[in-house]
Amino acid sequence: MVKYFKASLFVVLIVCCCIISNSWAGDRIPVFVSVAPQAYFVQQIGKDRVDVQVLVAPGADPHTYEPKPQQMVALSRARLYFAIGIEFEKAKLGKITAMNPNLTIVHTDHGILKLPMAAHHHHHTDAADDDHAMPHTDKSEKAVSSEMHAEHDHGSRDPHIWLSPPLVMLQARSILTALETIDPAHRSGYEANYQAFMLELIDLDARLRADFDGLQGSSFMVFHPSWGTFAHAYGLRQVSIEIEGKSPKPAQLMALIEHARKSGIKVVFVQPQFSLKSAREISKAINGRVVVVDPLAGDWATQLRKTAEEIKRAFE
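Per the UniProt record's numbering, the sequence shown runs over residues 1 to 316.
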């Protein structure tokens with residue numbers, strides 16, 4: 001029975017490896033990212049030179065995600081992993097690098113001073129230092145742990161840096177440097193793609209600044225505080241229903257309702273990865289509505305523009 005189990009397990013691993021091998025066709029660089037928006041960034045620069053896989057599946061919660069066995073097999077053959085500082089990376093990257101010592105971890109959040117997470121619903125983050133450093137890469141578990149400076153527990157630092165176009169510009173530079181380092185023969189192509197992506201980001205940022213011109217200081221309500229970096233970039237205020245990672249208690253819920261009424265908030269933004277219960281209670285109490293926006297959408301630019309339109313509409 002034991003021999004049969006071992007033989008079966010061996011066959012499963014071989015099949016998985018064959019599947020992964022077929023999925024990484026040609027000489028494309030096998031790359032992993034943590035969340036779908038990162039895949040968009042890498043693809044804009046790498047184009048057909050990269051084969052990008054996303055670790056956190058669509059609809060899953062990145063805070064508690066557990067990689068599937070087939071993903072672990074794929075990771076054992078990957079060349080690059082673009083980390084962004086979300087909490088599950090701290091627990092998993094050490095194991096991944098132990099399994100694949102040839103995997104290069106690129107910390108795209110390196111040098112980005114992240115905003116504090118909102119610990120209470122009324123908290124608003126003021127201006128933060130925008131000094132940044134060049135990307136850092138390593139292959140050691142020790143370095144991975146030490147460089148992960150942004151744990152995503154509330155009262156700590158906000159990891160949602162992919163929702164701020166100015167911060168995405170910095171992440172794009174990290175991606176460019178990593179691809180040029182591992183594949184110098186295609187440096188000119190990466191550089192051209194990077195320049196085109198930068199123009200896209202500059203245009204998007206300019207449009208969003210124009211959209212929110214005159215609305216600085218306006219508040220919008222969310223269930224989970226994913227949109228702090230976006231709010232900071234455009235002078236807005238994010239009001240979070242979730243308090244220290246938990247749904248509000250009755251007294252806190254009443255305080256949120258009162259705050260929403262005083263602030264004229266009529267829309268509560270939620271994301272598909274979380275419960276709608278508290279958001280619906282508040283929207284009913286303020287005679288408002290619930291709007292679903294996805295900070296983890298793979299079609300990043302399109303969804304960010306749509307979210308911005310919804311937030312602007314909420315101020316009308």
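Idealized CB from N, CA, C, for every residue including glycine.
Please report the distance separating the alpha-carbon of residue i from that of residue j.
i           : j           : result
residue 321 : residue 239 : Nothing about residue 321 can be reported from this structure: the residues present for the chain run from 1 to 316 only.
residue 314 : residue 272 : 19 Å
residue 162 : residue 188 : 25 Å
residue 310 : residue 190 : 34 Å
residue 169 : residue 49  : 20 Å
residue 263 : residue 78  : 49 Å
residue 62  : residue 158 : 13 Å
residue 192 : residue 179 : 13 Å
residue 322 : residue 42  : Any question about residue 322 goes unanswered here, given that the chain covers just 1 to 316.
residue 219 : residue 47  : 38 Å
residue 282 : residue 28  : 49 Å
residue 94  : residue 258 : 45 Å
residue 285 : residue 52  : 44 Å
residue 112 : residue 296 : 20 Å
residue 236 : residue 209 : 11 Å
residue 301 : residue 88  : 25 Å
residue 228 : residue 70  : 34 Å
residue 206 : residue 38  : 21 Å
residue 305 : residue 81  : 27 Å
Apart from the five residues on each side of it in sequence, which residues of its chain come closer than 7 Å, Cβ to Cβ, to residue i?
i           : result
residue 194 : 45, 172 and 176
residue 230 : 163 and 164
residue 317 : Examination of residue 317 is not possible in this model, given that the chain is present from 1 through 316 alone.
residue 294 : 271, 272 and 303
residue 166 : 205 and 233
Grab me the residues of residue i's own chain with a C-beta within less than 6 Å of its C-beta, minus the 5 sequence neighbours each way, in chain order.
i           : result
residue 76  : 99 and 100
residue 212 : 234
residue 247 : 278
residue 269 : 222, 291 and 293
Assign residue i to one of two classes, buried (16 or more other C-beta atoms within 10 Å of its C-beta) or exposed (fewer than that).
i           : result
residue 56  : buried
residue 68  : exposed
residue 217 : exposed
residue 318 : Outside the modelled stretch of the chain, which goes from 1 to 316, sits residue 318, for which no answer is possible.
residue 54  : buried
residue 199 : exposed
residue 66  : exposed
residue 58  : exposed
residue 242 : buried
residue 64  : exposed
residue 174 : buried
residue 122 : Reliability of the predicted coordinates at residue 122 is poor, the pLDDT of 42 falling under 50, and no value is obtained from them.
residue 275 : exposed
What did DSSP end up calling residue i once you bin it into helix, strand or coil?
i           : result
residue 221 : strand
residue 278 : helix
residue 77  : coil
residue 96  : helix
residue 41  : helix
residue 83  : strand
residue 238 : strand
residue 108 : coil
residue 203 : helix
residue 31  : strand
residue 270 : strand
residue 306 : helix
With a threshold of 8 Å between beta carbons, is residue i in contact with chain B?
i           : result
residue 281 : Note that chain B does not occur in the displayed structure, where there is just one protein chain.
Report all residues from its chain with a CB closer than 8 Å to the CB of residue i; omit the five preceding and five following residues, and keep chain order.
i           : result
residue 312 : 211, 212 and 215
residue 131 : Unreliable placement is indicated for residue 131, whose pLDDT of 38 sits below 50; the coordinate value is still reported in the next sentence. Only 111 and 113 meet the Cβ criterion.
residue 36  : 54, 56, 58, 296, 297, 298 and 300
residue 287 : 266
residue 40  : 298, 299, 300 and 301
Three or more C-beta pairs below 8 Å linking the segment 180-187 and the segment 248-266: In the pairwise beta carbon analysis, the segment 180-187 is classified as not touching the segment 248-266: fewer than three pairs are separated by under 8 Å.
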